[in-house]
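Worksheet for the structure shown next.
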Amino acid sequence: MQSLLICGLISLVKCWWDLGHMMTAQIAKNQLRNDRPDVLAWADSLVQDLNNLTDGRTNSFVEAAVWLDDIKETGTSFLNDWHYTDKPINPDGLLIKIEDQGRNINSIYAINQATAVLTNSKTAKYRHTMFKAQMLRVLLHVIGDMHQPLHDTTFWNDTYPNGDAGGNFMKIQLKNGSFVNFHSYWDAVAFTMVSNTTFMSRPLSQSDHQNLDKQSNDIINKFPINKYQKYDMTNPTVWSLLGFRQAQQFVYPMLQKSNTFNSDYEIQAIEFCQENLAIGGYRLAAKLIEIYDTILQNEIRLSQVQ
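Going left to right, the sequence shown walks through residues -15 to -1, 1 to 291 as mature numbering (1 follows the signal peptide of the UniProt record, and there is no 0) numbers them.
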């Protein structure tokens, strides 16, 4: 880890960045469009309940996946902990503060809370509420976050005695000599997914929507869902643990082994991220199906009581 330079306090970067989040949501959308259009119609309708209260950049199912990052700009810092789970990678066995080990307001909590709100049997007669619309947007975002491994861990050693904040306090040197935030590097899929003012900026143009649809189908074809039939598709605790293991076994060790940033790491990181985008999209779709089916069951029970 000696080749990684310590940087000063860095403001929180956007998780998976805009394009990664929208890609995850688009993959989920494509799965639902084919398999469960009723679930997609419900989710898309609930997303749009907040459209009049946003700035116009998150008015669709896909764009709404970025909403939880957008609202950081409005002072909602109390939700920042919902974006990650900081299970420690601690190879030197350092003494870690109990509050850091025991923190339970995290991405797992966020998904479980959102699920509980959306499936609450006591509110079954109200499909559309402000809080439910918010929680749907939370799901679209946080499930994406959990498939960026640096959102599932933080690294501790003598250089980072209080943890590296999932790579946010770490910089790596690129081949051109410039230094980049390690977390940002992974958020941007090795800088292959960075939107700008002319490409994939929100609100998306019709051509951008079409482009995103095509890119997501390319990833779906490359990593088809039948490869992951044995994966847990609905349990965020399992997802976070798998993300932690990915960071432990791949994200950090490759740098430690090579002691420098190299092209092999870049190639493998891109492949790794693309597969995680696919899996994240499939899990998002599966979670929405699970939630919607529970909603339908609650509504049936309610009608029988009445």
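Where a beta carbon is used, it is the ideal one built from N, C-alpha and C, also for glycine.
Ordered along the chain, which non-local residues of its own chain (more than five positions away) have a Cβ less than 8 Å from that of residue i?
| i | result |
| --- | --- |
| residue 79 | 141, 142, 143, 146 |
| residue 115 | 34, 35 |
| residue 223 | 217 |
| residue 202 | 15 |
| residue 259 | 174, 204, 207, 208 |
| residue 119 | 35 |
| residue 285 | none |
Do the CB positions of residue i and residue j come within less than 7 Å of each other?
| i | j | result |
| --- | --- | --- |
| residue 197 | residue 28 | no |
| residue 125 | residue 10 | yes |
| residue 24 | residue 17 | yes |
| residue 213 | residue 136 | no |
| residue 221 | residue 93 | yes |
| residue 95 | residue 123 | yes |
| residue 225 | residue 155 | no |
| residue 41 | residue 188 | yes |
| residue 261 | residue 106 | no |
| residue 74 | residue 234 | no |
Answer yes or no: does any C-beta atom of chain C fall closer than 7 Å to that of residue i?
| i | result |
| --- | --- |
| residue 201 | The chain inventory of the structure shown lacks chain C, comprising one protein chain alone. |
According to DSSP, residue i sits in a beta bridge with which residue or residues?
| i | result |
| --- | --- |
| residue 165 | 157 |
Leaving out five residues before and five after residue i in sequence, what residues of the same chain have Cβ atoms less than 6 Å from its Cβ?
| i | result |
| --- | --- |
| residue 278 | none |
| residue 231 | 134 |
| residue 253 | none |
| residue 267 | 210 |
| residue 236 | 134 |
Taking residue i as the reference, give the member of the options with the closest Cα.
| i | options | result |
| --- | --- | --- |
| residue 151 | 188, 55, 162, 66 | 66 |
| residue 229 | 290, 139, 165 | 139 |
| residue 185 | 291, 20, 237, 47 | 47 |
| residue 290 | 39, 75, 109, 62 | 109 |
| residue 71 | 89, 236, 270 | 89 |
| residue 129 | 171, 250, 288 | 171 |
| residue 22 | 286, 200, 271, 287 | 271 |
| residue 194 | 44, 101, 249 | 44 |
| residue 99 | 281, 288, 269, 190 | 269 |
Span of the alpha helix (DSSP H) holding residue i?
| i | result |
| --- | --- |
| residue 14 | 2 to 20 |
| residue 221 | 221 to 231 |
| residue 254 | 248 to 290 |
| residue 104 | Unbroken run through residue 104: none, as it is neither H nor E. |
| residue 234 | No alpha helix (DSSP H) holds residue 234; DSSP gives it neither H nor E. |
| residue 214 | Where residue 214 is concerned, there is no enclosing alpha helix (DSSP H), given that its DSSP letter is neither H nor E. |
Near residue i, which residues of its chain fall below 7 Å by C-beta distance, leaving aside the five closest residues on each side in sequence?
| i | result |
| --- | --- |
| residue 263 | 12, 204, 205, 208 |
| residue 117 | 31, 102, 103 |
| residue 276 | 100, 103, 104 |
Which first and last residues belong to the beta strand (DSSP E) in which residue i is found?
| i | result |
| --- | --- |
| residue 139 | 138 to 140 |
| residue 72 | 72 to 74 |
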